[in-house]
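Undergrad: Dropping a structure here in structure tokens format, bear with me for questions.
Structure representation (structure tokens):
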């Protein structure tokens, strides 16, 4: 095979050194990938926390709206529902 790698071209120490350099390079790449994934995970956790808070607020607003159904006219109820839906849309 022309151009094939031959261990006869390198000493055993040189081969070990090349292997060590390759492993170090792979480790560096993996560390960077892990750091990127950790950053993305942290950002996702923050977004989920924000969404959870938003849903809690919306839930509270809906509960209050339902409580007000008995004493509020239809126009006000529709207005409240539209406000809630617009907030959901904005999220």
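In our numbering, the protein residues as written are 281 to 371.
Idealized CB from N, CA, C, for every residue including glycine.
Less than 8 Å between the CB atoms is what I'm expecting for residue 357 and residue 349, so what's the real figure, rounded?
TA: Right, the Cβ-Cβ distance comes to about 6 Å (below 8 Å), so this counts as a contact.
Undergrad: Verify whether the separation of the beta carbon atoms of residue 364 and residue 338 is less than 8 Å.
TA: Cβ atoms of residue 364 and residue 338: closer than 8 Å.
Undergrad: Since residue 332 is in the alpha helix (DSSP H), which residue starts that stretch and which ends it?
TA: First-last of the alpha helix (DSSP H) with residue 332: 292–348.
Undergrad: Could you check the C-alpha separation between residue 292 and residue 299 for me, to the nearest Å?
TA: So the alpha carbons of these two residues sit roughly 11 Å apart.
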